[in-house]
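Residue numbers (the numbering used here), protein chains in the order written: chain V, 312 to 531; chain P, 20 to 455. A virtual CB, placed ideally from N, CA and C, is assigned to each residue, including glycine. The structure displayed is predicted, hence computed values, not measured ones. What follows is a set of notes on a single structure, which appears directly below.
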Amino acid sequence: MPISDTTREQMREIAARYPSARSALLPMLHLAQSEEDEISTDGINACAEVLDITPAEVTAVATFYTMYKRERVGKHHIGVCTNTLCGLLGGDAVWESLVEATGAGHNTPSADGEFFLERIECQAACTHAPVMTVDWEFMDDVTPSSAVEVLEALRRGETVHSTRGPAIRDFQATEHTLAFPDDGLADAPSVDDKMLAGLRIAKERANELANEHGMTGGNA
Amino acid sequence: MSTPLTPVITEFWDRPDLYTLDGYRAVGGYQGLTKALQMDPDDIIAQVKESGLRGRGGAGFPTGMKWGFVPQGDGKPHYLVVNADESEPGACKDIPIMMANPHALVEGVIIASYAIRANHAFIYIRGEVPNAIRKVEFAVKQAREAGLIGTNIQGSGFDLDVVVHSGAGAYICGEETALLDSLEGYRGQPRLKPPFPAVAGLYASPTVINNVETIANIPYIVDRGVEWFRGFGTEKSPGFKVFAVSGHVKRPGIYEAPLGITMRELLEYAGGMRDGSDVKFWIPGGSSVPMLTPEHLDLPLTYESMAEAGTMLGTGTPMVFDQTVSVVKAVTRWLEFYKHESCGKCTPCREGTYWITGVLEKFEHGHGEEQEMETLTHLCSQISGRSFCALGDAAATPYPAAMKYFRDEFVAATHTSADEQFDPIASYVFAGAAAR
């Protein structure tokens, strides 16, 4: 499927952000993926044309980074962290349950094209282990059953919220955000109890101290 | 408990509007910038040097010194690049900072750019965290609309453009020169140093690359001063740290405290270990630094004290594992990670991570051979110091550290698999039906 003229125009727009146009290649590939649900030869050629470099040069980059997929992802990309901490704290069991529930495998979509599974590396959310991502939005502290429930709700077309982020859209929408991050969703709640754990203790201590001084000093 | 928690970067995270310009300003945000723009840029560099702030990305290099390496009056464009590629296993503090307090990062970016005379700054965020990317983009947009980014900022004559850049999945791009190649639109592979980025970095121009948390410290230092900052921490490790405690503790989460707090104190704040559980091993700052054991719990978490103990403070994000965890399995999993993430440029790292992983997997399945423990030691020594960047060194770290404290488990793994030695279900943080 050829890349549309609109997308090419947007690629030029991204290139204009940088002192050197080639710097735009990563976000441009995300944009191509947002249109095609994969990095196709057409997407590679469009990037090459816009940047005036060879398709081979673009291919070298596209094949280096794991977020670019050379086959169609389908509706939702599901990542499960199976690095040491998440994996051993239960991510391995979460992974098994999703494989069983979807019939998909690592870097492979389910037969109905609904879910593409990937064993992902550390997602920088170890405090929220085991961590799953849906279209790269956080689904923190999952269990094998809660993870499957998330997928079932998505399959039923229900609104599912990221635990720290907006309502889930789909894989292509996230890829568009990576190219154009001003997506209007910055107001999604993103701070949770675990991020506030230390702050709350510090505030309690401060209150206790203030009360002690209040009692001994007699000042209101 | 002797060392109190000291929320600074995290102080107002319970304000739902902190991510907005108004919310951030309501708690004193951008006061540092106003002060900075009235200062001579060299004086800001001097102030950051005097503060003793050290890089929070892992290496702990003095930030002011890094800024001072940028040649001034050289007629070349200068660049500031923020390394927001947080991907180190165990590290989970930059992403929360960007989601909760993005304006602290943006304000720091503007001040740092002004100090090093950069008119272009880039925030390189790993692609797998769209929610951090959109928050930072939103903060940049608001700052631009308020005239805090753009031309002639607050009448200072200083111009700055800030670009939020999405990565695409490659741990190696957290290595600063690989990040530069990636930001230039290439495969993220490290460069030979020297020349260092301060002289020839992005587009072969002088470039400072700083971690998110490092930059988020800057507004507070400029606003509140060196003396205030040095009131936290130790002589060699001044300031506070956004510690992220994960693993088998009761309350994993973010705990901001002065450098020099001990792991035992952090553990206590985190509610202690889960019921019926003891610390088996812990890692102070990411899988790339050697593991420690319960005997090290009372050491101050500073750059110098961790170095004395034979490890590093690293990212300051301790992972704590209890007695249910197989060290052999943990180390194997980390090596699988390094093998996956090796960029392939240097032979010792590319081939070495492949072979180490293969041998470790034999041990994990209970088929290790006694003499292969030597083979692994040899392989690690063949990688360490023999690659362009620290990924190779990091890959050579977990096994020797594990052997130092848990040799018996590798011996047992010559006949009994990791899962037979340690029931994996016992390590899960959910129990009963959920664990199936």
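Task: Closer than 8 Å at the beta carbon, the chain V residues around residue 203 (chain P) - done: Think of a sphere of 8 Å around the beta carbon of residue 203 (chain P): the chain V residues whose beta carbon falls inside it are 331, 333, 334, in chain order.
- [ ] Name, in chain order, the residues that DSSP records as bridge partners for residue 389 (chain V).
- [x] Per DSSP, V:428, V:445.
- [ ] Evaluate residue 284 (chain P) with the Cβ neighbour count: other Cβ atoms within 10 Å of its Cβ, from every protein chain shown; 16 or more gives buried, anything less gives exposed.
- [x] It is buried - the Cβ of residue 284 (chain P) has at least 16 other Cβ atoms within 10 Å.
TODO: Check the Cβ of residue 394 (chain V) against every Cβ in chain P and list those closer than 7 Å, keeping chain order.
DONE: Residues of chain P passing the Cβ test: 108, 352, 356.
Task: Counterpart residues of residue 272 (chain P) in DSSP-defined beta bridges - done: Answer is P:264, bridged to residue 272 (chain P).
Task: Cutoff 8 Å: residue 181 (chain P) Cβ touching any chain V Cβ - done: With 8 Å as the cut-off, residue 181 (chain P) does not count as an interface residue toward chain V.
Open item on the list: Using a Cβ-Cβ cutoff of less than 7 Å, which residues in the same chain neighbour residue 424 (chain V) once the five nearest sequence positions on both sides are dropped?
Closed with: Setting aside the 5 residues that flank it on each side, residue 424 (chain V) is surrounded in the same chain by 385, 386, each with a C-beta closer than 7 Å to its C-beta; the list follows chain order.
- [ ] Say whether chain V places a C-beta atom closer than 8 Å to the C-beta of residue 408 (chain P).
- [x] No, its Cβ sits nowhere closer than 8 Å to a Cβ of chain V.
TODO: Could you tell me whether the Cβ atoms of residue 389 (chain V) and residue 428 (chain V) are closer together than 8 Å?
DONE: Going by beta carbons, residue 389 (chain V) and residue 428 (chain V) fall inside the 8 Å limit.
Task: Nearest candidate by alpha-carbon position, reference residue 467 (chain V), set V:490, V:474, V:459 - done: Proximity to residue 467 (chain V) across V:490, V:474, V:459 peaks at V:459, based on C-alpha coordinates.
TODO: Under 7 Å Cβ to Cβ from residue 496 (chain V), same chain only, skipping five residues before and after it: list those, please.
DONE: These residues qualify, in order along the chain: 477.
- [ ] Alpha carbon to alpha carbon, how far is residue 425 (chain P) from residue 386 (chain P)? Give it in angstroms, no decimals.
- [x] If I take the Cα positions, the gap works out to 18 Å.
Task: Residues that residue 417 (chain V) bridges to, as DSSP identifies them - done: For residue 417 (chain V), the beta-bridge partners assigned by DSSP are V:428.
Task: residue 273 (chain P): contacting residues in chain V (beta-carbon distance under 9 Å) - done: Those are 438, 505, 506, 507, 508, 509, 510, listed as they occur along chain V.
Task: Element boundaries [alpha helix (DSSP H), containing residue 113 (chain P)] - done: Looking at the DSSP string, the run of the alpha helix (DSSP H) that includes residue 113 (chain P) is 113-119.
TODO: Quick one: which residues of the segment 362-375 of chain V get their C-beta closer than 8 Å to a C-beta of chain P? List them in chain order.
DONE: Look at the segment 362-375 of chain V: the residues with a C-beta under 8 Å from a C-beta of chain P are 362, 371, 372, 375.
Task: Three-state secondary structure (DSSP) of residue 439 (chain V) - done: Secondary structure at residue 439 (chain V): helix, using DSSP grouped into helix, strand and coil.
TODO: Please confirm whether residue 103 (chain P) and residue 143 (chain P) have their CB atoms less than 8 Å apart.
DONE: Cβ distance < 8 Å, so residue 103 (chain P) and residue 143 (chain P) count as in contact.
- [ ] May I have the straight-line CA-CA distance separating residue 457 (chain P) from residue 107 (chain P), to the nearest angstrom?
- [x] Residue coverage of chain P in this structure runs from 20 to 455, which leaves residue 457 (chain P) outside it and unanswerable.
Task: Positions along the segment 389-413 of chain V whose CB lies within less than 7 Å of some CB in chain P - done: Look at the segment 389-413 of chain V: the residues with a C-beta under 7 Å from a C-beta of chain P are 394, 395, 396, 398, 399, 400, 401, 403, 404.
Open item on the list: Is the beta carbon of residue 318 (chain V) closer than 8 Å to that of residue 152 (chain P)?
Closed with: Judged by beta-carbon spacing, residue 318 (chain V) lies beyond the 8 Å limit of residue 152 (chain P), meaning their Cβ atoms are not closer than that value.
- [ ] With a threshold of 16 other CB atoms inside 10 Å of the CB of residue 17 (chain P), please say whether the residue is buried or exposed.
- [x] Nothing can be reported for residue 17 (chain P), as the shown portion of chain P is limited to 20 through 455.
Task: DSSP-derived helix/strand/coil call for residue 376 (chain P) - done: Three-state DSSP puts residue 376 (chain P) in a helix.
Open item on the list: Please tell me whether residue 119 (chain P) and residue 32 (chain P) are closer than 8 Å, where the distance is taken between their beta carbons.
Closed with: Cβ atoms of residue 119 (chain P) and residue 32 (chain P): closer than 8 Å.
Open item on the list: Less than 8 Å between CB atoms is the rule here; does residue 421 (chain V) satisfy it with respect to chain C?
Closed with: The question asks about chain C, but that chain is absent: this structure's protein chains are V and P.
Task: Contact set between residue 474 (chain V) and chain P, taken where Cβ atoms lie within less than 8 Å - done: Contact of residue 474 (chain V) with chain P by beta-carbon distance below 8 Å is absent, the smallest such distance being about 10 Å.
Task: Check whether residue 234 (chain P) and residue 134 (chain P) have beta carbons under 8 Å apart - done: No, these two residues do not count as a Cβ contact at 8 Å.
Task: chain V within 8 Å of residue 374 (chain P), Cβ atoms only - done: It does not; no Cβ of chain V falls within 8 Å.
Task: Coil, strand or helix - residue 89 (chain P) by DSSP - done: Residue state, collapsed to three classes: coil.
TODO: For my contact list, residue 336 (chain P) and residue 192 (chain P) are in at a C-beta cut-off of 8 Å; report their separation, rounded to the angstrom.
DONE: Incorrect: roughly 19 Å between the Cβ atoms, too far for contact.
Open item on the list: Does any residue of chain V have a CB that is nearer than 8 Å to the CB of residue 168 (chain P)?
Closed with: With 8 Å as the cut-off, residue 168 (chain P) does not count as an interface residue toward chain V.
Task: Short CB-CB distance (under 8 Å) between residue 434 (chain V) and chain P - done: Closer than 8 Å: yes.
Task: Residues sharing a beta bridge with residue 285 (chain P), DSSP - done: DSSP, once it has assigned bridges, lists no residue as partnering residue 285 (chain P).
Task: Continuous beta strand (DSSP E) assignments of at least 3 residues falling wholly in the segment 307-393 of chain P - done: Here the runs fully enclosed are 338-341.
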